[in-house]
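Visitor:
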Amino acid sequence: MTMFKKAVLALSVFGALSLGATEVEVLHWWTSGGEAKSVAALKTMLEKHGYKWKDFSVAGGNGSNAMTVLKSRVISGNPPTAAQIKGPSIQEWAALGKAANLDSVAKANNWDSVIPEVFAKQMKYHEHWVAVPVNVHRINWMWVNPSVFKKANAKIPKTWDEFKIAAKKIKAAGFIPVAQGGQPWQEATLFETIVLGVGGADFYKKAFVDLDMNALGSDTMKKAFDILKMVKSYTDSNAPGRDWNLATAMVYKGKAAMQFMGDWAKGEFKVAGKKIGTDYIAVDAPQTAGSYIYNIDSFVMFKQKDPAKTEAQKVLAKLILSDKFQIIFNTRKGSVPVKIGVPKDKFDSIAIKSMNDMVAASKAGTLVPSMAHQMAVPDAIRGAIFDVVTNFYNSKMSSTDAVKALVSAVKNEM
Amino acid sequence: MKSKLKYFEDSIPKFIVSPTFLIMITFTYGFIIWNFVLSLTNSRLLPVYTFVGFKQYIKLFSDDKWWIALQNLFIFSLLFISTCIVFGLLLAIFIDQKVRFEGIFRTIYLYPMALSFIATGTVWQWMLNPGLGLEKFVKEMGFTDFTFNWIVDPKMAIYTIVIAAIWQSTGFVMILLLAGLRGINSEVVNAAKIDGASMPKIYWKIIIPQLRPVFFSSIIILLHIAIKTFDLVIVMTKGGPGYSTILPSIFMYQNSFARNQLAYGASSAMIMLLFVMIFVVPYLYNELRSKNEYSN
Amino acid sequence: MNILIKDKTLNIFVRILIYTLLIMCALYFLIPIFVMVITSLKDIYEIKNGNILALPEHITFQPWIEAWSEARIGSNANGIKPYFINSIFITVPSVLISSVIGAFNGYVFAKWKFKGSELFFSFLLFGTFIPFQVILLPMSQTLGTFGLTENVAGLIIVHIIYGLPFTTLFFRNFYVSIPTELINSAKIDGAGFLKIFLKILLPVSLPIFMVCIIWQMTQIWNEFLFGVTFADASTQPVTVALNNLINATSSVKKYNVDMAAAMIAVAPTLIAYIVSGKYFVKGLMAGAVK
Numbered sequence: 000m001t002m003f004k005k006a007v008l009a010l011s012v013f014g015a016l017s018l019g020a021t022e023v024e025v026l027h028w029w030t031s032g033g034e035a036k037s038v039a040a041l042k043t044m045l046e047k048h049g050y051k052w053k054d055f056s057v058a059g060g061n062g063s064n065a066m067t068v069l070k071s072r073v074i075s076g077n078p079p080t081a082a083q084i085k086g087p088s089i090q091e092w093a094a095l096g097k098a099a100n101l102d103s104v105a106k107a108n109n110w111d112s113v114i115p116e117v118f119a120k121q122m123k124y125h126e127h128w129v130a131v132p133v134n135v136h137r138i139n140w141m142w143v144n145p146s147v148f149k150k151a152n153a154k155i156p157k158t159w160d161e162f163k164i165a166a167k168k169i170k171a172a173g174f175i176p177v178a179q180g181g182q183p184w185q186e187a188t189l190f191e192t193i194v195l196g197v198g199g200a201d202f203y204k205k206a207f208v209d210l211d212m213n214a215l216g217s218d219t220m221k222k223a224f225d226i227l228k229m230v231k232s233y234t235d236s237n238a239p240g241r242d243w244n245l246a247t248a249m250v251y252k253g254k255a256a257m258q259f260m261g262d263w264a265k266g267e268f269k270v271a272g273k274k275i276g277t278d279y280i281a282v283d284a285p286q287t288a289g290s291y292i293y294n295i296d297s298f299v300m301f302k303q304k305d306p307a308k309t310e311a312q313k314v315l316a317k318l319i320l321s322d323k324f325q326i327i328f329n330t331r332k333g334s335v336p337v338k339i340g341v342p343k344d345k346f347d348s349i350a351i352k353s354m355n356d357m358v359a360a361s362k363a364g365t366l367v368p369s370m371a372h373q374m375a376v377p378d379a380i381r382g383a384i385f386d387v388v389t390n391f392y393n394s395k396m397s398s399t400d401a402v403k404a405l406v407s408a409v410k411n412e413m
Numbered sequence: 000m001k002s003k004l005k006y007f008e009d010s011i012p013k014f015i016v017s018p019t020f021l022i023m024i025t026f027t028y029g030f031i032i033w034n035f036v037l038s039l040t041n042s043r044l045l046p047v048y049t050f051v052g053f054k055q056y057i058k059l060f061s062d063d064k065w066w067i068a069l070q071n072l073f074i075f076s077l078l079f080i081s082t083c084i085v086f087g088l089l090l091a092i093f094i095d096q097k098v099r100f101e102g103i104f105r106t107i108y109l110y111p112m113a114l115s116f117i118a119t120g121t122v123w124q125w126m127l128n129p130g131l132g133l134e135k136f137v138k139e140m141g142f143t144d145f146t147f148n149w150i151v152d153p154k155m156a157i158y159t160i161v162i163a164a165i166w167q168s169t170g171f172v173m174i175l176l177l178a179g180l181r182g183i184n185s186e187v188v189n190a191a192k193i194d195g196a197s198m199p200k201i202y203w204k205i206i207i208p209q210l211r212p213v214f215f216s217s218i219i220i221l222l223h224i225a226i227k228t229f230d231l232v233i234v235m236t237k238g239g240p241g242y243s244t245i246l247p248s249i250f251m252y253q254n255s256f257a258r259n260q261l262a263y264g265a266s267s268a269m270i271m272l273l274f275v276m277i278f279v280v281p282y283l284y285n286e287l288r289s290k291n292e293y294s295n
Numbered sequence: 000m001n002i003l004i005k006d007k008t009l010n011i012f013v014r015i016l017i018y019t020l021l022i023m024c025a026l027y028f029l030i031p032i033f034v035m036v037i038t039s040l041k042d043i044y045e046i047k048n049g050n051i052l053a054l055p056e057h058i059t060f061q062p063w064i065e066a067w068s069e070a071r072i073g074s075n076a077n078g079i080k081p082y083f084i085n086s087i088f089i090t091v092p093s094v095l096i097s098s099v100i101g102a103f104n105g106y107v108f109a110k111w112k113f114k115g116s117e118l119f120f121s122f123l124l125f126g127t128f129i130p131f132q133v134i135l136l137p138m139s140q141t142l143g144t145f146g147l148t149e150n151v152a153g154l155i156i157v158h159i160i161y162g163l164p165f166t167t168l169f170f171r172n173f174y175v176s177i178p179t180e181l182i183n184s185a186k187i188d189g190a191g192f193l194k195i196f197l198k199i200l201l202p203v204s205l206p207i208f209m210v211c212i213i214w215q216m217t218q219i220w221n222e223f224l225f226g227v228t229f230a231d232a233s234t235q236p237v238t239v240a241l242n243n244l245i246n247a248t249s250s251v252k253k254y255n256v257d258m259a260a261a262m263i264a265v266a267p268t269l270i271a272y273i274v275s276g277k278y279f280v281k282g283l284m285a286g287a288v289k
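If you read the protein sequences in the order shown, they are chains A, B and C.
In terms of numbering that gives the first Met the number 0, the first sequence has 379 at position 380, counting the first letter as 1, and numbering is strictly consecutive.
In terms of numbering that gives the first Met the number 0, the second sequence has 148 at position 149, counting the first letter as 1, and numbering is strictly consecutive.
In terms of numbering that gives the first Met the number 0, the third sequence has 22 at position 23, counting the first letter as 1, and numbering is strictly consecutive.
1) Pair every Cβ in the region 6-13 of chain C with every Cβ in the region 65-84 of chain B, then say whether three or more of these pairs are closer than 8 Å.
2) Rank 161(B), 201(B) and 164(B) by C-alpha distance to the C-alpha of residue 180(B) and give the top, closest one.
3) Taking 8 Å as the threshold, find out whether the region 108-120 of chain A comes into contact with the region 210-218 of chain A through three or more Cβ pairs.
4) Helix, strand or coil: how does DSSP classify residue 177(A) here?
5) Distance check for residue 291(A) and residue 347(A), CA to CA, integer angstroms please.
6) What's the C-alpha gap between residue 134(B) and residue 128(B)?
7) Could you tell me the distance, in whole angstroms, from the CA atom of residue 103(A) to the CA atom of residue 119(A)?
8) Below 7 Å between beta carbons is the criterion; list the residues of the region 150-167 of chain B that meet it against any residue of chain A, in chain order.
9) What does residue 236(B) touch in chain A if you count any residue whose Cβ is under 7 Å from its own?
10) Whose C-alpha, out of 272(B), 274(B) and 260(B), is nearest the C-alpha of residue 377(A)?
11) Measuring straight from C-alpha to C-alpha, what distance separates residue 161(A) and residue 134(C)?
12) Among 97(C), 268(C), 261(C) and 183(C), whose alpha-carbon lies nearest the alpha-carbon of residue 199(C)?
13) Under a Cβ-count criterion, where at least 16 other Cβ atoms within 10 Å of its own Cβ denotes burial, should residue 323(A) be classed as buried or exposed?
14) Under a three-way DSSP split, which group does residue 294(B) fall into?
15) Taking one C-beta from the region 17-36 of chain C and one from the region 91-100 of chain B each time, how about it: are there three or more such pairs within less than 8 Å?
16) Where does residue 190(B) land, buried or exposed, given buried means 16+ other C-beta within 10 angstroms?
17) Using 9 Å as the limit for Cβ to Cβ distance, is residue 25(C) near chain B?
18) Could you say which of 147(B), 73(B), 119(B) and 65(B) lies nearest to residue 236(A) if we only look at CA atoms?
19) According to the neighbour-count rule (16 or more other Cβ atoms, all chains shown, within 10 Å of its Cβ), is residue 294(B) buried or exposed?
20) Output the distance between the C-alpha atoms of residue 278(C) and residue 212(C), rounded to the nearest integer angstrom.
21) Can at least three beta-carbon pairs, one atom from the region 360-378 of chain A and one from the region 146-165 of chain A, be found at a separation below 8 Å?
22) Which same chain residues, not among the five before or five after residue 254(B), have their C-beta less than 7 Å away from its C-beta?
23) Would you verify that the beta carbon of residue 28(B) is, or is not, closer than 9 Å to some beta carbon of chain C?
24) What beta strand (DSSP E) runs, 3 residues minimum, are completely inside the region 110-196 of chain A?
25) Closer than 8 Å, Cβ to any Cβ of chain A: which residues of the region 215-232 of chain C, in chain order?
26) Alpha carbon to alpha carbon, what distance is there between residue 65(B) and residue 414(A)?
27) If you measure between the beta carbons of residue 272(B) and residue 22(B), is that distance less than 9 Å?
28) May I ask whether a heavy atom of the ligand ATP can be found less than 8 Å away from the beta carbon of residue 97(A)?
29) Is residue 29(A) close to chain C, meaning its C-beta is less than 9 Å from at least one C-beta of that chain?
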């Protein structure tokens with residue numbers, strides 16, 4: 000056969016194969032950096048099974064743009080095959096009857112035994128698996144530049160009282176004690192970390208999961224607001240509007256001593272070439288040792304008419320929870336596997352501590368969902384809490400008024 | 000025979016605009032009605048037609064954030080529209096003075112309109128941030144007392160939005176007014192000059208009144224831009240610090256899509272439209288009426 | 000029109016004042032794009048450690064190459080090139096079709112008024128104030144019913160629909176300034192609707208077509224909300240890609256690539272504005288918005 004004929008044959012075979020391959024359209028907002036690379040890895044894995052991956056990525060607002068598009072697509076009768084949906088929203092979509100049932104995959108792969116119960120509950124609707132978790136982020140980390148502490152002759156704090164002492168010393172030495180960004184979600188992240196430290200895991204659950212009015216209006220909550228204001232006094236005045244990664248830069252550049260941020264901050268340190276232990280360390284945020292605020296990314300499979308697509312969804316779900324993908328994804332992103340028992344050799348010391356803490360907290364009942372990152376309450380309530388926290392943070396509102404506002408804001412949305 | 004032909008002839012124009020008519024009825028006013036119906040329901044994630052009367056509107060007007068959004072829109076629109084028009088007029092008058100390099104100046108003032116804020120918003124945010132941009136620059140030049148930290152001040156942040164918005168739209172107003180200036184009949188102006196009137200007076204009494212139709216178009220276009228302002232705020236301040244720079248368009252988007260409160264968001268959209276109606280309709284009516292008197 | 004001031008020294012003083020003011024204003028307008036350009040030519044180390052207004056120490060075009068064909072956006076690392084091409088497929092038909100329909104509409108509203116046409120026109124104008132977020136869901140439902148969700152046609156139709164009020168406005172105002180006597184004498188000569196349009200109005204319409212095309216092009220090429228909602232994965236326009244690049248959450252930001260991508264994305268509209276500035280003014284002078 001001539002080269003030309005060979006080429007035509009190859010092309011037509013390729014064309015036929017790809018024409019025949021079932022398309023799996025995946026909506027997500029991991030549009031760049033390490034996360035996007037991991038998505039690319041998942042794509043390759045899926046395509047090895049003979050499917051075609053149609054990438055539908057929409058950045059912005061930490062998923063809010065993607066959610067807008069998702070709603071439009073569902074309402075037009077053309078939902079994507081899978082969509083990145085997290086937390087209580089999973090239940091809301093399932094309640095509308097849009098989510099596909101993943102029980103068969105769950106059973107075949109023993110999900111109930113390898114995924115902590117707290118997580119599994121959120122992935123289920125009426126006892127049926129409707130979503131597959133991808134990873135676990137830990138929120139209550141404090142990122143520290145040890146040399147700044149040394150220079151200021153301060154001790155890395157384990158309680159909020161110790162924090163006050165250390166921050167004073169650091170400020171006096173000419174450094175910025177806390178690097179903070181200036182967006183509502185960052186303020187809320189800081190706030191929930193404080194609430195966990197001040198009130199403990201049970202209080203946190205009562206307030207942010209059960210939405211108990213007594214907890215929300217309590218003196219403990221007032222104390223949390225007090226501490227939030229106190230922490231703010233140790234940040235710099237240019238914080239408003241600042242992106243979280245620029246705040247991380249302040250820490251690794253040696254301008255600031257601490258940042259309260261989830262484990263994705265590790266990625267910034269890594270890219271800047273910093274070494275764990277010497278340039279930076281991660282410790283439990285004050286008074287939160289033994290507790291774990293989690294943030295899980297997950298995919299919901301949307302009910303499809305085409306049985307081939309339904310099969311593809313099951314394969315995708317299985318692949319997401321495979322050890323191979325869990326390792327690829329989590330070593331890049333800074334999070335840890337959502338599955339217990341994944342080999343630890345590729346992870347660094349911070350990740351390993353996180354994995355161990357996760358298991359321990361699960362056993363102790365101190366594994367709590369993040370309010371700030373859409374794990375604990377529906378988005379309307381989360382939004383209302385955000386409004387109170389960000390307003391308090393950026394104004395002269397008193398803690399007593401903030402607590403009152405919090406109670407009425409949440410009540411309004413119930 | 001003749002009347003049949005005339006009837007046919009008269010129907011052609013109506014026939015030509017009928018597609019646009021149908022499109023307008025369905026896709027603009029039809030959707031407005033759909034939105035109104037939605038605002039009377041309890042819809043959260045997706046439209047669900049359980050009716051709850053005006054509950055959403057009551058909730059809306061007891062929402063502190065909504066009042067701030069309305070206030071911001073008012074301040075923003077007023078400053079944005081008036082500054083663009085005055086600034087644009089001045090630039091147009093200056094450029095009209097047989098300036099060399101007119102083409103270059105014109106392009107420099109006009110090009111911002113070609114850019115979207117997804118591209119330029121980040122730059123504006125940097126420039127207005129005290130630690131990164133203008134304040135840092137001037138301080139490094141030696142003026143250590145200089146502060147320009149509006150963008151991090153909840154009370155002043157809205158004015159930074161105005162600054163960026165003016166940057167984008169003034170050029171367009173300038174060009175409209177420049178074209179208008181050039182279309183003015185020079186005989187009247189010359190007559191006034193002969194009568195001994197000073198230039199500023201000529202501008203004020205003769206030229207500017209004749210630009211009225213151009214002002215009309217400019218205000219409509221600028222108001223339109225002001226109400227639709229969304230990307231600019233999202234990229235520059237995300238509505239902050241806190242929610243001090245939030246606008247109704249952002250409020251609606253956040254509630255409808257990010258907070259799964261579809262009906263609530265719909266109610267805010269209806270109120271936005273209501274306000275526009277109150278301000279725009281009388282203005283439109285007035286101008287179109289006087290235009291008819293002009294052209295007849 | 001120019002100021003004829005009798006006193007020569009006052010004249011020179013005024014002219015210097017005018018030039019100074021014009022140049023100062025020019026700086027205000029130019030700084031953002033200056034920052035964009037120099038940021039796109041710096042390497043990432045310089046950006047993270049330097050001043051935003053400082054010129055690059057080492058000029059590198061790598062960010063531009065990366066932005067065009069290598070940048071990772073989602074699971075594909077092909078840069079913004081594919082999205083750029085999508086934008087062309089979306090913008091060109093939308094601009095042309097909405098302009099043509101606008102021309103016919105403007106012609107009717109200006110020269111063939113009928114009972115209720117002024118009212119219709121006002122309603123049309125008022126309709127442009129509807130916040131676009133409002134129409135996202137009902138439009139999705141409508142497009143879905145007609146099966147237009149998986150190709151570029153749906154997005155084009157949406158752009159045409161919401162561009163009609165402005166194109167109509169531009170043409171109507173332009174045609175209003177054409178003397179009605181011309182039309183009337185042509186009518187007496189027996190010319191009909193279409194003939195008058197083709198023989199009298201169309202030949203002088205080039206400036207207003209330019210205004211219309213430039214306006215529509217800016218609106219549609221830079222448009223994000225419709226582009227992200229009504230396009231599916233393979234038809235997303237360049238604004239969506241740009242947003243994905245710049246607004247990615249929780250990942251390392253490459254500001255130089257972001258700026259390079261932004262410059263590439265705005266290049267077509269920018270070039271259109273610069274090249275056709277003359278026509279723009281001519282078109283407006285001829286009464287586009289009187």
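Every residue gets a Cβ at the ideal spot worked out from N, C-alpha and C, and that includes glycine.
As the structure is a prediction and not an experimental result, all values here were calculated from the model.
Guide: If we stick to the structure as given:
1) no
2) Indexing the second sequence from 1 puts residue 180(B) at position 181. Comparing C-alpha distances from residue 180(B) to each of 161(B), 201(B) and 164(B) shows the shortest one belongs to 201(B).
3) No contact exists between the region 108-120 of chain A and the region 210-218 of chain A.
4) Counting from 1 along the first sequence, the entry for residue 177(A) is found at position 178. In the structure shown, residue 177(A) sits in a strand (DSSP, three-state: E or B).
5) In the first sequence, counting from the first residue as 1, residue 347(A) sits at position 348. In the first sequence, counting from the first residue as 1, residue 291(A) sits at position 292. Looking at the two C-alpha atoms, the distance is approximately 18 Å.
6) On the second sequence, position 135 is the one that residue 134(B) refers to. On the second sequence, position 129 is the one that residue 128(B) refers to. Residue 134(B) and residue 128(B): Cα-Cα distance of roughly 8 Å.
7) Taking the first sequence and counting its residues from 1, one reaches residue 103(A) at position 104. Taking the first sequence and counting its residues from 1, one reaches residue 119(A) at position 120. The alpha-carbon separation between residue 103(A) and residue 119(A) amounts to approximately 15 Å.
8) 150, 151 and 153
9) To locate residue 236(B), count along the second sequence from 1; it is residue 237. Against residue 236(B), the close residues of chain A are 240, in the order they occur along the chain (beta-carbon pairs closer than 7 Å).
10) Walking along the first sequence from the start, residue 377(A) turns up at place 378. Considering only alpha carbons, the answer is 260(B).
11) As a working mapping, residue 161(A) is identified with position 162 in the first sequence. As a working mapping, residue 134(C) is identified with position 135 in the third sequence. When rounded, the distance between both Cα atoms is 54 Å.
12) Residue mapping note: residue 199(C) aligns to position 200 of the third sequence, counting from 1. Here the closest residue by C-alpha is 183(C).
13) Stepping through the first sequence from its first residue, residue 323(A) is reached at position 324. That one is exposed.
14) Within the second sequence, the letter at position 295 stands for residue 294(B). At residue 294(B) the pLDDT is 43, less than 50, meaning the model places this residue with poor confidence; the figure from the coordinates comes in the next sentence. In this structure, residue 294(B) counts as helix in the three-state DSSP scheme.
15) yes
16) As a working note, residue 190(B) is residue 191 in the second sequence. Residue 190(B) is exposed by the Cβ-count criterion.
17) Working through the third sequence from its first residue, we reach residue 25(C) at position 26. Chain B contact via Cβ: present.
18) On the first sequence, residue 236(A) is found 237 positions in, with the first residue counted as 1. The shortest Cα separation from residue 236(A) among 147(B), 73(B), 119(B) and 65(B) belongs to 147(B).
19) Here residue 294(B) refers to the residue found at position 295 of the second sequence. Because the pLDDT of residue 294(B) is 43, which lies under 50, any placement of that residue in the model is unreliable, and the number read from its coordinates should be weighed accordingly. Looking at its Cβ environment, which holds fewer than 16 other Cβ atoms inside 10 Å, residue 294(B) is exposed.
20) Position 279 of the third sequence, counted from the start, is the residue given in the question as residue 278(C). Position 213 of the third sequence, counted from the start, is the residue given in the question as residue 212(C). For residue 278(C) and residue 212(C), the distance between alpha carbons rounds to 11 Å.
21) No: fewer than three Cβ pairs fall under 8 Å.
22) Working through the second sequence from its first residue, we reach residue 254(B) at position 255. 260, 263, 264 and 267.
23) Locating residue 28(B) in the second sequence gives position 29, counting from the first residue. Answer yes: the Cβ-Cβ gap between residue 28(B) and chain C drops below 9 Å somewhere.
24) 130-137, 140-143 and 175-177
25) 227, 228, 229, 231 and 232
26) With chain A covering 0 to 413 only, the question about residue 414(A) has no answer from this structure.
27) Here residue 272(B) refers to the residue found at position 273 of the second sequence. Here residue 22(B) refers to the residue found at position 23 of the second sequence. In this structure, residue 22(B) does not lie closer than 9 Å to residue 272(B) by Cβ.
28) No copy of the ligand ATP occurs in the structure displayed, which carries no ligand at all.
29) Residue numbering aside, residue 29(A) sits at position 30 when the first sequence is read from its first letter. Taking Cβ atoms only, chain C reaches closer than 9 Å to residue 29(A), which makes this a yes.
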